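Asker: Below is one structure. I have some questions about it.
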Amino acid sequence: MNTPWYDYFSDGFCKIFYFAGSGNGRIDKIVIFTQMQEPDAYSITLGNLRLDGSIDVHGTAGDGDAAEILSTVAKVIAFFLVDHPQAAIFIEGTTAARVRLYQMAIVRELDDLGKYFDIHGFDGSDMEIFQPGRNYLSFTISLKS
Amino acid sequence: MALNVNNNADSDRIQFTSDELEKLRIVAEKLGKEKLARIVANHPPEYWENYWNAMKRHRLGMTIPVESRS
Chain A
81 MNTPWYDYFS
91 DGFCKIFYFA
101 GSGNGRIDKI
111 VIFTQMQEPD
121 AYSITLGNLR
131 LDGSIDVHGT
141 AGDGDAAEIL
151 STVAKVIAFF
161 LVDHPQAAIF
171 IEGTTAARVR
181 LYQMAIVREL
191 DDLGKYFDIH
201 GFDGSDMEIF
211 QPGRNYLSFT
221 ISLKS
Chain B
306 MALNVNNNAD
316 SDRIQFTSDE
326 LEKLRIVAEK
336 LGKEKLARIV
346 ANHPPEYWEN
356 YWNAMKRHRL
366 GMTIPVESRS
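Protein chains in written order, with the numbering used here: chain A, 81 to 225; chain B, 306 to 375.
This is how it looks when you write it as structure tokens:
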């Protein structure tokens, strides 16, 4: 994983993580893991933290540093999975553009992440081991079985 | 809640007050649930049926090999 990433820290339950994008020191990114209907299945939300304490999940992933931000999210996912070894993380963008962005990030991080994690793509009917170049609707990441 | 939290200049560690963290946790949990609800509602029931069935197969080590899907 050669892309630089930002330092992050978590709440006491390792379900919420914070970091400062753009390297300006101010905490402005938040990563939230939310349990889904099945045990050990979590969705992930990346948000921008506003000064008033509210969270925006519709903004861009970064201001010229999207690669660093998504690399940091990959690190956060790794941390979460080590803490929750049975968990599977469900990743889906709110827009098609975001899904493509996440897919590109997974491809970029695949050499490193693929050593330790199972990454699967889901096309709406079936799930398969993630293949670069194939389009998916969502992704699932878990510790390598 | 005004937030303008900076790295501690001496330790380079990011710091929140416990009160800020607790308020953020509540907001974040609510937001995570709202986003998940939107994602769930964004797909027909068949999508989720297929997804959870695929997850069951995956956990049993039965993910469909790529070669058979080409």
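C-beta: ideal position from N, C-alpha, C; glycine also. Since this is a predicted model, take the numbers as computed values, not measurements.
Identify every residue that forms a DSSP beta bridge with residue 218 of chain A.
Answerer: Bridge partners of residue 218 of chain A: A:202.
Asker: Say whether chain A places a C-beta atom closer than 8 Å to the C-beta of residue 344 of chain B.
Answerer: True, the Cβ-Cβ gap to chain A drops below 8 Å.
Asker: Is residue 194 of chain A helix, strand or coil by DSSP?
Answerer: Helix, per DSSP.
Asker: Looking at C-beta atoms only, is the number of pairs between the stretch 165-174 of chain A and the stretch 209-224 of chain A that lie closer than 8 Å three or more?
Answerer: Touching, yes, given that three or more Cβ pairs across the two stretches are closer than 8 Å.
Asker: Within 8 Å of any Cβ in chain B, is that where the Cβ of residue 189 of chain A sits?
Answerer: Answer no: the Cβ-Cβ gap between residue 189 of chain A and chain B never drops below 8 Å.
Asker: May I ask you to report which of helix, strand or coil DSSP gives residue 223 of chain A?
Answerer: It is a strand residue.
Asker: Evaluate the contact criterion for the stretch 141-156 of chain A versus the stretch 331-339 of chain B: three or more CB pairs, one atom per stretch, below 8 Å.
Answerer: No, because fewer than three Cβ pairs between the stretch 141-156 of chain A and the stretch 331-339 of chain B fall closer than 8 Å, the two stretches do not touch.
Asker: Measure how close the beta-carbons of residue 218 of chain A and residue 202 of chain A come, nearest whole angstrom, since I'm counting them as under 8 Å.
Answerer: Contact holds; Cβ gap of about 5 Å.
Asker: Which of the residues in the stretch 347-367 of chain B, read from start to end, lie with their CB under 7 Å from any CB of chain A?
Answerer: Residues 352, 355, 356, 357, 359, 360, 363 and 366.
Asker: If we call anything under 8 Å between Cβ atoms a contact, is residue 173 of chain A one with residue 181 of chain A?
Answerer: For residue 173 of chain A and residue 181 of chain A, yes; Cβs fall inside 8 Å.
Asker: In three-state terms, what does DSSP make of residue 86 of chain A?
Answerer: If DSSP states are grouped into helix, strand and coil, residue 86 of chain A belongs with coil.
Asker: Cβ atoms of residue 120 of chain A and residue 127 of chain A: under 8 Å apart, would you say?
Answerer: Going by C-beta atoms, residue 127 of chain A is not nearer than 8 Å to residue 120 of chain A.
Asker: Is it buried or exposed for residue 131 of chain A, if we count other Cβ within 10 angstroms and need 16 for buried?
Answerer: Counting Cβ neighbours within 10 Å, residue 131 of chain A comes out exposed, since fewer than 16 surround it.
Asker: Pick helix, strand or coil for residue 148 of chain A, following the three-state DSSP scheme.
Answerer: Correct three-state label for residue 148 of chain A: helix.
Asker: How many Å lie between residue 89 of chain A and residue 336 of chain B at the Cα?
Answerer: Distance between the alpha carbons of residue 89 of chain A and residue 336 of chain B is about 19 Å.
Asker: For residue 365 of chain B, I'd like the list of residues in its chain whose CB is within less than 8 Å of its CB, leaving aside the five on either flank, ordered along the chain.
Answerer: Taken in chain order, the list of residues that qualify is empty.
Asker: Look at the alpha carbon of residue 321 of chain B and the alpha carbon of residue 114 of chain A, and state the distance between them as a whole number of angstroms.
Answerer: Cα-Cα distance, rounded: 22 Å.
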